[in-house]
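Under the numbering used here, the residues of the sequence shown are numbered 1349 to 1843, in order. Below: the structure, in structure tokens.
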Amino acid sequence: MEIAGTRIEVLKKAGDFLRLGQITEAEELYQSAYNSYPEDPVIMHCLGLVYAQKGYNGMAATLFLRSKEYDPSVMDNYFNLGTVKQREGFFEEAEHYFQEGVRISELDAPVTIQAAAYAALGGLYINEGQPEKCLEYSTRAFQLMPAEHHKALEWVKFNMALAYLEMGNWRKGFREYHDAVKRRQRQNRNYSTDGQTPTPTWAHQKNKFVAVFGEQGVGDEVMFASCLQEFADDSKHVLFECHPRLINIFSRSFPDIECYPTRKQNTRMLPQTDKIEYCIPIGSLPIFYRKTNVDFPNHSGYLKADSERVLYYRERLAELGPGPYVGIAWEGGTKSTRYDLRSIPLKWWESLLQKEGRFVSINYFPGSKETAAKHGIIHWPKAVDDLDEQFALIEACDLIVSVNQSLVHFAGSLGKKAFVLTPYGAAWRYGIKGQKMIWYPSITQFRQANRGDGWGNVMIELCREYDTFLHGYHESNHNRARAISPGSEEGAGDR
């Protein structure tokens, strides 16, 4: 009993460290306990949690598997195995463990555990091209969970919002997306001068003094900015807290909106704060302006690059030789946002890079300049690192070719023609089928047909379209040359 008591005390203390985020201290205690109790499935599982939090998913999986072998009834092993496998991109294995968790939970587990099992399985299908399955299992989770415990599934509603958005059900999707603010799954703001009274959320009240604030990545902020002018037209005055890297672009593009580069700052005391009547996150504006497909404008760009810098980059590009000038990006995301799916090594690009054109890197990852140089691609660091410069370079190019990353949003917001290489199971912004991207009329997508496919067939299709682009490019230049030639009818008519 004394040994068992010591074990329980160690587990409790380590668990407290883990809940407080003191990972190192928790790891030391769990490792010490594992040395003393090497066949204890609970300690194995807890140590696995530590490694999962540290991102050591392989080690975590090994411990969860070992724990499951000793005691198959430990339900969390199935959920956590599914989670770490999902993080590493092993979809089929993750699906297997989540489904096993559901099956075992239905044998004799409480309904709350069954509901959690269905919720975990539903979350697997986000950004996997199967939003219907996410909705099916998430709905089942709410059906099983007693009403008094629904709060434990609040996070599932955000998954359901993303599923609706993948399906193009904008009305339901953006409403749930917005409600996540109330559930604190997205950031919020308080502009009251006393710092205590919550600022009311804007709900389409007309002719008011309002604040809108950016959120998430710079790509999302640019995408949602397509709603800003409509928002400003409905308002008396708008203050916009944007990402500091985007301040020049937004100020130039929306002269009637008061822009501040303060979205990442802790203080919210802006000029005229006392006049703010309502506020709203920029990702919630589509509730009012993007309810159906027809609400997405067929625009030719809503952001503006610096015209002087555009001219500068056109001159630099011309120094490389005759066009067309093509900006490319081959990496996207982070490990947690599926870098593996969203990145395509340049060896896959050879069929495109061998074609006519001057290719310029707009890839923002470390080592891009060196990687580009190995393939004969120009990379100007300042033109990538400074977003105002990057927008100017994009505008100066004739075409953009990119994987799923922020460059897609930048090119689309400028109305620049772009070819986008989209993996199977992309984020909701890219939809789940078709070449068009509803946010940006100037973009054409080339998709992987199945999970696990390489990029060979996609590149063949893209190169075929690139040949069509080349034909149009040369024909346009030829017509332009004829129009300005003094000996041509067109030229004579212009004089």
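Idealized CB from N, CA, C, for every residue including glycine.
Subject >> Cutoff 7 Å; reference residue 1425; Cβ partners in own chain excluding five residues on either side >> reply: 1393, 1412, 1415 and 1416
Original post:
Is residue 1377 buried or exposed, if buried means 16 or more other CB atoms sit within 10 Å of its CB?
Top reply: buried
Original post:
What residue from 1625, 1710 and 1818 has the CA that sits closest to residue 1551's CA?
Top reply: 1625
Original post:
Ends of the beta strand (DSSP E) at residue 1585?
Top reply: 1585 to 1589
Original post:
Among the residues of its own chain, which have a CB less than 6 Å from the CB of residue 1405, if the five just before and after it don't count?
Top reply: 1432, 1435 and 1436
Original post:
Could you give the distance in angstroms between the alpha-carbon of residue 1362 and the alpha-carbon of residue 1620?
Top reply: 49 Å
Original post:
What does DSSP give as the partner residues of residue 1675 in its beta bridges?
Top reply: 1708 and 1748
Subject >> Distance CB(residue 1775)-CB(residue 1752) smaller than 8 Å >> reply: yes
Original post:
In chain order, what residues of the same chain have a beta carbon less than 7 Å from the beta carbon of residue 1497, not counting five sequence neighbours either side?
Top reply: 1460
Subject >> Residues that residue 1560 bridges to, as DSSP identifies them >> reply: 1588 and 1628
Subject >> Candidates 1381, 1820, 1456 and 1517: closest to residue 1641 by CA position >> reply: 1517
Subject >> Residue burial classification, residue 1489 (beta-carbon count within 10 angstroms, cutoff 16) >> reply: buried
Subject >> Nearest to residue 1632 (by Cα), restricted to the options 1827, 1831, 1523 and 1772 >> reply: 1523
Original post:
Short check: CB of residue 1482 to CB of residue 1559, under 8 Å?
Top reply: no
**OP:** Run through the segment 1393 to 1438 for me and flag every whole alpha helix (DSSP H) of 4 or more residues, listed as ranges in chain order.
**Re:** 1405 to 1418 and 1423 to 1435
**OP:** Return the CA-CA distance between residue 1495 and residue 1484, expressed in angstroms with no decimal places.
**Re:** 18 Å
Original post:
Does the pairing of the segment 1692 to 1711 with the segment 1720 to 1738 give three or more beta-carbon distances under 8 Å?
Top reply: yes
**OP:** State yes or no: is the beta carbon of residue 1508 nearer than 8 Å to at least one beta carbon in chain C?
**Re:** Absence of chain C from the displayed structure is noted, only one protein chain being present.
Original post:
Quick one: any contact between the segment 1817 to 1826 and the segment 1785 to 1804, if contact means 3 or more CB pairs under 8 Å?
Top reply: no
**OP:** Measuring alpha carbon to alpha carbon, tell me which of 1602, 1601, 1587 and 1705 ends up nearest residue 1863.
**Re:** Residue 1863 lies beyond the range of the chain shown here (1349 to 1843); nothing can be said about it.
Original post:
To which residues does DSSP link residue 1784 through a beta bridge?
Top reply: 1792
**OP:** Determine which residues share a DSSP beta bridge with residue 1608 and list them.
**Re:** 1589
**OP:** Quick one: using the 10 Å Cβ neighbour count with 16 as the cut-off for buried, is residue 1838 buried or exposed?
**Re:** In this prediction, residue 1838 has a pLDDT of 39, which is less than 50 and means its spatial position is unreliable; nothing more can be read from the coordinates.
**OP:** Go to residue 1768, then tell me how far its beta strand (DSSP E) extends in each direction, as first and last residue.
**Re:** 1766 to 1770
Original post:
Roughly how many angstroms lie between the CA atoms of residue 1750 and residue 1787, to the nearest whole one?
Top reply: 16 Å
Subject >> Nonlocal neighbours in the same chain, by C-beta distance under 8 Å from residue 1726, ignoring five residues either side >> reply: 1668, 1706, 1707, 1708, 1709 and 1720
**OP:** Determine the burial state of residue 1397: buried for a count of at least 16 other Cβ atoms within 10 Å of its Cβ, exposed for fewer.
**Re:** buried
Subject >> Identified DSSP bridge partners for residue 1726 >> reply: 1708
Original post:
Short check: CB of residue 1747 to CB of residue 1765, under 8 Å?
Top reply: yes
Original post:
My guess is that residue 1590 and residue 1569 are in contact by the Cβ rule of under 8 Å, so how many angstroms apart are they, rounded?
Top reply: 7 Å
**OP:** Tell me whether residue 1547 sits in a helix, a strand or coil according to DSSP, three-state version.
**Re:** coil
Subject >> Which listed residue (1630, 1651 and 1629) has its alpha carbon closest to that of residue 1603 >> reply: 1651
Subject >> Contact check, residue 1371 vs residue 1401, beta carbons under 8 Å >> reply: yes
**OP:** Give every residue of the same chain whose Cβ lies closer than 7 Å to the Cβ of residue 1389, excluding the five residues on either side of it in the sequence, and list them in chain order.
**Re:** 1415, 1418, 1419 and 1422
**OP:** Indicate the three-state DSSP secondary structure (helix, strand or coil) for residue 1457 in the structure shown.
**Re:** coil
Subject >> Counted within 10 angstroms of its Cβ, other Cβ atoms place residue 1831 as buried (16 or more) or exposed >> reply: exposed
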